[in-house]
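Everything on this sheet refers to the single structure shown next.
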Amino acid sequence: MKLQAIALLFALVGATQAHNQRRHHLKRQAPSSSAQPGAATSKPAVASTGAAASGAPTNNANPPSIPPPANTPPPPPSGPTPTTGIYALTSGKPADPTDPITATFAAGATPPIAGAPVLPTPFVFQAADWPLQDKIPDTNAPEVQNWMRELDGFYIPEIPPTADGSCAGDPAAAADAANRGWWTCGGYTRTTDVTACPDKLTWGVSFDDGPSPYSKTLLKYLTAKQLKATFFVVGSRVIERPTVLVEQYMTGHEISVHTWSHKHLTSLTNEEVVAELGWTRKVIKEVLGVTPTTMRPPYGDIDDRVRAISLAMGLTPIIWTRTPTAGQFDTNDWQVAGGLMTGIQSYESFQAILGNATIIDTGFIVLEHDLYDITVEMATDYTLNTALTYNPPLTLKAIGQCLKVPPSNLYYESTQNLTFPYRNNTLGGYDIDGDGVTDTLKSAGHTLIPSLVTVLCAAVLAAFF
Ligand SMILES: [Zn+2]
Numbered sequence: 157m158k159l160q161a162i163a164l165l166f167a168l169v170g171a172t173q174a175h176n177q178r179r180h181h182l183k184r185q186a187p188s189s190s191a192q193p194g195a196a197t198s199k200p201a202v203a204s205t206g207a208a209a210s211g212a213p214t215n216n217a218n219p220p221s222i223p224p225p226a227n228t229p230p231p232p233p234s235g236p237t238p239t240t241g242i243y244a245l246t247s248g249k250p251a252d253p254t255d256p257i258t259a260t261f262a263a264g265a266t267p268p269i270a271g272a273p274v275l276p277t278p279f280v281f282q283a284a285d286w287p288l289q290d291k292i293p294d295t296n297a298p299e300v301q302n303w304m305r306e307l308d309g310f311y312i313p314e315i316p317p318t319a320d321g322s323c324a325g326d327p328a329a330a331a332d333a334a335n336r337g338w339w340t341c342g343g344y345t346r347t348t349d350v351t352a353c354p355d356k357l358t359w360g361v362s363f364d365d366g367p368s369p370y371s372k373t374l375l376k377y378l379t380a381k382q383l384k385a386t387f388f389v390v391g392s393r394v395i396e397r398p399t400v401l402v403e404q405y406m407t408g409h410e411i412s413v414h415t416w417s418h419k420h421l422t423s424l425t426n427e428e429v430v431a432e433l434g435w436t437r438k439v440i441k442e443v444l445g446v447t448p449t450t451m452r453p454p455y456g457d458i459d460d461r462v463r464a465i466s467l468a469m470g471l472t473p474i475i476w477t478r479t480p481t482a483g484q485f486d487t488n489d490w491q492v493a494g495g496l497m498t499g500i501q502s503y504e505s506f507q508a509i510l511g512n513a514t515i516i517d518t519g520f521i522v523l524e525h526d527l528y529d530i531t532v533e534m535a536t537d538y539t540l541n542t543a544l545t546y547n548p549p550l551t552l553k554a555i556g557q558c559l560k561v562p563p564s565n566l567y568y569e570s571t572q573n574l575t576f577p578y579r580n581n582t583l584g585g586y587d588i589d590g591d592g593v594t595d596t597l598k599s600a601g602h603t604l605i606p607s608l609v610t611v612l613c614a615a616v617l618a619a620f621f
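In our numbering, the protein residues as written are 157 to 621.
As structure tokens, then:
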């Protein structure tokens, strides 16, 4: 009945708490989506922040109460601004050559995941089989209608879609952010969100929005340094570079869903959210033979409705760390690519992240991107390199690793955990306990007493981890 617990958890929470292409990314990341000063959330360690907005250049500036990072970058020498190294890393710089595919993996090859099926025949893109790139998929497609049935029996809160996923764009929704569990406006999270690595000084390394022409360069670096990362991939990019995704997966990195067209999910209808997640899940399955059990909402834009849909589809949300005092653990690398920030400014905000990492009780998850030449160079030449020699020493892991989730549980086909995350792909709800009666969570009512929250959260987490 773990599934019931999940739904009841959502019910209870509801009842008691009243990129793609560059233009894509930059559009959302406009500094206008300012956060609201947050109230309490269900998860104090990653609670709301009064810090500036997602994407605001001041995001990771150290508040006065935060001591300076242990390792601060050397001040620029006096005189003219240097023009080499990190100082040259800024929008408009000449692109570096891309690295070719170096490893090929044949159909039938065995993946490094216990219980996962062998690699399928190489993916061949047929335009007629897939939604248009970088567009919200058609919700009338039979595939989407079929995936909608996965929501049957689940309690999906009736929260109206936000205007555009930003706080400024929908003041009424922003005012209701605490009730909605809306991360974008105030950093509200729920217990089912993964937002940090549990062990202090452990960095859950992740890269979003690929596979890109530059992902290979990053992969080469990660291999050389014996590092593993989690890649949150966009379906519209997967169809472009399936062999890169194969190499990421086959060389031991973790793969997670990051939607089809990289829209703000809270601004979409239920059907559109299902389509965004469903098509990405499907293309990953066709390329790799496995279906991720995790997802990351683009821009971190999630609320209780999007959470419930994701969980009903067997996808556990993973965001990046955000705390009341330290702000977001966002390298702002995308701002360098977009010309909104210089390389040295981004690097300085990363130094602040490392400093903040030393004062929080848990480990942390950082937002970085493998979409652009500049963001990959930020990672390979600066952020990862700095972290590897940091004092105090940091441990760098993929997110599933840092959570201590068995690698097989990161994919539906190989998971040993049949209760959560669970993919509800049957019609009309679920018979979870095998008694012949469908456990229709929607009818379970949403009137539990608050003291059950802790019990249910514990049950859900115990089932997952
Ligand atoms: Zn993204």
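No residue lacks a Cβ here, since even glycine has one placed at the ideal position from N, Cα and C.
Report yes if the CB atom of residue i is closer than 7 Å to the CB atom of residue j, and no otherwise.
i	j	result
Thr246	Gly499	yes
Asp459	Ile312	no
Thr340	Asp457	yes
Asp255	Thr373	yes
Thr450	Ile475	no
Phe363	Glu504	no
Thr536	Tyr377	yes
Thr479	Ile521	no
Leu552	Val361	yes
Glu428	Ile242	no
Met469	Leu433	yes
Val462	His418	no
Ala352	Thr487	no
Ala554	Lys384	yes
Thr348	Thr422	no
Phe388	Arg452	yes
Gly321	His409	no
Val400	Ser371	yes
Ala330	Cys323	yes
Gly445	Leu559	no
Thr415	Pro454	yes
Going by C-alpha to C-alpha distance, which of the options sits closest to residue i?
i	options	result
Gly152	Leu357, Arg397, Met451, Thr373	As displayed, the chain neither begins before 157 nor continues past 621, which places residue 152 out of reach and without an answer.
Val413	Ala431, Asp355, Gly342, Tyr528	Ala431
Ile516	Val561, Tyr538, Pro354	Pro354
Gln404	Val390, Thr386, Thr436	Thr386
Pro260	Arg397, Met497, Gln501	Reading off the sequence, residue 260 comes out as Thr, not Pro. Checked all of Arg397, Met497, Gln501; the closest Cα to Thr260 is Arg397.
Ser392	Lys249, Leu424, Glu428, Trp435	Trp435
Ala334	Ala324, Gly325, Arg346	Arg346
Phe485	Thr539, Leu467, Asp326, Leu401	Thr539
Thr277	Ala262, Gly483, Asp285	Ala262
Ser502	Ile509, Thr514, Ala513, Asp489	Asp489
Ala244	Lys560, Trp416, Ile530, Pro549	Ile530
Val532	Gln557, Pro367, Gln507	Pro367
Val350	Asn541, Val443, Gly556, Arg305	Gly556
Glu442	Gly342, Ala251, Trp286, Pro250	Trp286
Leu307	Gln491, Gln572, Leu471, Ala508	Leu471
Thr481	Gly342, Asp290, Pro253	Gly342
Tyr568	Arg336, Gln491, Val402, Ile411	Ile411
Thr425	Gly309, Leu467, Ile440, Met304	Met304
If you count every other CB in all the chains shown that lies within 10 Å of the CB of residue i, and 16 or more means buried, which is it?
i	result
Gln148	With the chain running from 157 to 621 in the structure shown, residue 148 is simply not present.
Gln301	exposed
Ala328	exposed
Pro448	buried
Asn547	exposed
Ala117	For residue 117 there is no data in the structure shown, the boundaries of the chain being 157 and 621.
Val280	exposed
Gly264	exposed
Leu288	exposed
Leu544	exposed
Leu550	buried
Gly483	buried
Ala464	buried
Gly248	exposed
Ala203	With a pLDDT of 31 at Ala203, under the threshold of 50, the predicted position of this residue should be treated as unreliable, though the coordinate-derived value follows. Under this definition Ala203 is a buried residue.
Asp326	buried
Gln382	exposed
Gln572	exposed
Trp338	buried
If you scan the segment 265-334 from start to end, which runs of the alpha helix (DSSP H) of 4 or more residues do you find wholly inside it?
The segment 265-334 contains these whole alpha helix (DSSP H) runs: 298-304, 327-331.
At what residue ranges does the segment 379-464 contain a whole run of the beta strand (DSSP E), taking only runs of 3 or more?
Uninterrupted beta strand (DSSP E) stretches at least 3 residues long and entirely within the segment 379-464 occur at 386-389, 410-413, given in chain order.
At which residue ranges does the segment 498-577 contain complete alpha helix (DSSP H) runs of 4 or more residues, listed in the order of the chain?
Listed in chain order, the alpha helix (DSSP H) elements of length 4 or more contained wholly in the segment 498-577 are 499-513, 529-533, 540-544, 555-559.
Count the CB pairs spanning the segment 558-572 and the segment 263-280 that are closer than 8 Å, and state whether there are at least three.
With the cut-off at 8 Å, the segment 558-572 and the segment 263-280 touch.
Those runs of the alpha helix (DSSP H) which lie wholly inside the segment 339-382 and span at least 4 residues:
Listed in chain order, the complete alpha helix (DSSP H) runs (minimum 4 residues) inside the segment 339-382 are 371-380.
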